[in-house]
Amino acid sequence: MADAESLFALHRQGVFRYLCRVVGRPDTAQDLTQEVFLRVTRTRVPETDPSGHRAWVFKIARNLVLNHVRDGVRRGEPIALVDSSAPATQEIAVAIKQAVGALADVDRDVFLLRESAGLSYGEIAAACDLTVDAVRARLKRAREQLRDALDGPMRTGRQGVIVFRGTDSGEGS
Amino acid sequence: MTDHHDVIAAFVDNEPVGAEELDAALATPDGREYLIDLLVLRGLVSGGLPDGLRSAGAAGRSQANAGRGSKSVFWLPVAAAALVAVGLGAGFVGGRVLDRHAPAVAPAAVVTEPAPADGPSAPAPTHVIHMEKGVDWNERSGGN
Numbered sequence: 001m002a003d004a005e006s007l008f009a010l011h012r013q014g015v016f017r018y019l020c021r022v023v024g025r026p027d028t029a030q031d032l033t034q035e036v037f038l039r040v041t042r043t044r045v046p047e048t049d050p051s052g053h054r055a056w057v058f059k060i061a062r063n064l065v066l067n068h069v070r071d072g073v074r075r076g077e078p079i080a081l082v083d084s085s086a087p088a089t090q091e092i093a094v095a096i097k098q099a100v101g102a103l104a105d106v107d108r109d110v111f112l113l114r115e116s117a118g119l120s121y122g123e124i125a126a127a128c129d130l131t132v133d134a135v136r137a138r139l140k141r142a143r144e145q146l147r148d149a150l151d152g153p154m155r156t157g158r159q160g161v162i163v164f165r166g167t168d169s170g171e172g173s
Numbered sequence: 001m002t003d004h005h006d007v008i009a010a011f012v013d014n015e016p017v018g019a020e021e022l023d024a025a026l027a028t029p030d031g032r033e034y035l036i037d038l039l040v041l042r043g044l045v046s047g048g049l050p051d052g053l054r055s056a057g058a059a060g061r062s063q064a065n066a067g068r069g070s071k072s073v074f075w076l077p078v079a080a081a082a083l084v085a086v087g088l089g090a091g092f093v094g095g096r097v098l099d100r101h102a103p104a105v106a107p108a109a110v111v112t113e114p115a116p117a118d119g120p121s122a123p124a125p126t127h128v129i130h131m132e133k134g135v136d137w138n139e140r141s142g143g144n
């Protein structure tokens with residue numbers, strides 16, 4: 001039976017990475033991460049397996065950041081999807097920001113939960129209230145859209161060194 | 001080649017795939033190109049992580065390490081509390097001993113007046129706050 005403390009230890013970094021990608025500001029992402037785990041401590045942790053716990057935590061994170069983004073839009077605040085303060089290059093960062101920002105909301109969430117947080121298809125499905133097949137389809141669509149939008153950086157990347165790495169799905173779990 | 005793309009994407013995403021399916025998918029130039037594209041895309045997206053993200057991750061690890069290595073820090077307040085308790089106990093015992101040897105002095109009379117039975121009663125509460133276990137606090141999480 002997991003408790004809030006162990007969930008914090010396991011998923012803090014993944015949640016922060018995901019939130020950072022969505023809001024684009026590490027300081028804001030840090031605040032939101034704290035808020036996520038504050039909610040985790042205030043709520044009864046569901047009795048499920050580690051994968052279910054992770055999906056549950058990220059569902060809280062997703063709902064929280066959706067509200068944050070929605071409130072920011074209502075207040076007229078600019079939402080930076082990717083922080084361009086320390087990119088590989090400024091141009092690539094801007095291109096990634098625009099490409100990710102151009103994705104449909106759910107497609108973007110699915111993509112970032114996979115690439116930034118390392119959730120499995122099943123976990124993403126649980127976090128976003130989708131089926132696994134829907135996750136697969138949205139992920140594919142998002143990647144194809146990004147592939148087209150990032151044609152220039154992709155060509156440059158294909159000429160460099162490729163490292164095969166899975167996303168940080170483990171996070172200790 | 002949609003199926004091939006799905007198989008390759010699943011493989012890249014650590015999802016289970018059949019070996020024969022993967023073999024077939026990677027046997028095509030399109031499949032190999034798609035595999036490289038997915039990896040390049042992943043590198044692009046994860047390559048531009050903000051500084052704060054990395055430093056926060058490092059900070060998290062260092063905090064975790066510090067947490068494991070700081071048992072002595074945990075004992076400091078416990079030791080301080082023990083010292084205070086010992087001091088209070090010694091003071092109490094010492095006071096009792098000295099009091100036994102001190103000359104008896106009649107205590108000053110304390111006069112208390114009972115409140116009149118028919119006096120004004122306390123006002124009724126204007127606002128009642130109900131706290132519910134499991135909603136307003138959670139004992140398992142330390143009451144926060």
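In the order they appear, the protein sequences are chains A and B.
With the numbering used here applied, the first sequence covers 1 to 173.
With the numbering used here applied, the second sequence covers 1 to 144.
For every residue, glycine included, the Cβ atom is placed at its ideal position computed from N, Cα and C.
{"Query": "Within-7 Å CB hit, Pro50 of chain A to chain B", "Result": "no"}
{"Query": "Whole-number beta carbon distance between His5 of chain B and Thr28 of chain B, since they are thought to touch under 8 Å", "Result": "Actually they are not in contact, since the Cβ atoms of Thr28 of chain B and His5 of chain B sit about 10 Å apart, beyond 8 Å."}
{"Query": "The segment 29-39 of chain A touching the segment 124-142 of chain A, judged by at least three CB pairs closer than 8 Å", "Result": "no"}
{"Query": "Where Glu209 of chain A falls, given that 16 or more other Cβ within 10 Å makes a residue buried", "Result": "With chain A covering only 1 through 173, there is no way to say anything about residue 209 of chain A."}
{"Query": "Closest by C-alpha distance to Ala58 of chain A, when choosing among A:Asp3, A:Gly152, A:Thr156 and A:Leu119", "Result": "The question names Ala, but residue 58 of chain A is Phe in the sequence shown. It is A:Leu119 whose Cα lies nearest to the Cα of Phe58 of chain A."}
{"Query": "Chain B within 7 Å of Ile60 of chain A, Cβ atoms only", "Result": "no"}
{"Query": "Distance between Arg108 of chain A and Glu123 of chain A (C-alpha atoms, nearest Å)", "Result": "15 Å"}
{"Query": "Proximity winner among A:Phe111, A:Pro26, A:Arg136 and A:Trp56, relative to Leu41 of chain B (alpha-carbon distances)", "Result": "A:Phe111"}
{"Query": "is_contact[Leu146 of chain A, chain B] using C-beta, thresh 7 Å", "Result": "yes"}
{"Query": "Identity of the residue in B:Ala9, B:Glu15 and B:Asp13 nearest Leu26 of chain B by Cα", "Result": "B:Ala9"}
{"Query": "Residue span of the alpha helix (DSSP H) that contains Ser6 of chain A, given as start and end", "Result": "Ala4 to Val23"}
{"Query": "Contact list for the segment 149-160 of chain A against chain B, Cβ threshold 7 Å", "Result": "Leu150, Pro153, Met154, Gly157 and Arg158"}
{"Query": "Nearest to Leu7 of chain A (by Cα), restricted to the options A:Arg21, A:Leu32, A:Trp56 and A:Gly24", "Result": "A:Trp56"}
{"Query": "Nearest-angstrom Cβ-Cβ length linking Ala149 of chain A and Ala99 of chain A, presumed shorter than 8 Å", "Result": "4 Å"}
{"Query": "Rounded distance between the beta-carbons of Val7 of chain B and Leu173 of chain B, thought under 8 Å", "Result": "For chain B, the structure presents residues 1 to 144; residue 173 of chain B sits outside this window and is missing."}
{"Query": "Strand pairing of Trp137 of chain B, partner residues [DSSP]", "Result": "B:Lys133"}
{"Query": "Where Gly60 of chain B falls: helix, strand or coil (DSSP)", "Result": "Because Gly60 of chain B sits at a pLDDT of 37, beneath the cut-off of 50, its placement in the model cannot be relied upon, and the point is left open."}
{"Query": "Test: Glu15 of chain B CB closer than 7 Å to a CB of chain E", "Result": "Reference to chain E is not applicable here, since the protein chains of this structure are A and B."}
{"Query": "Residue-level contact to chain A via CB, Val40 of chain B, 7 Å cutoff", "Result": "yes"}
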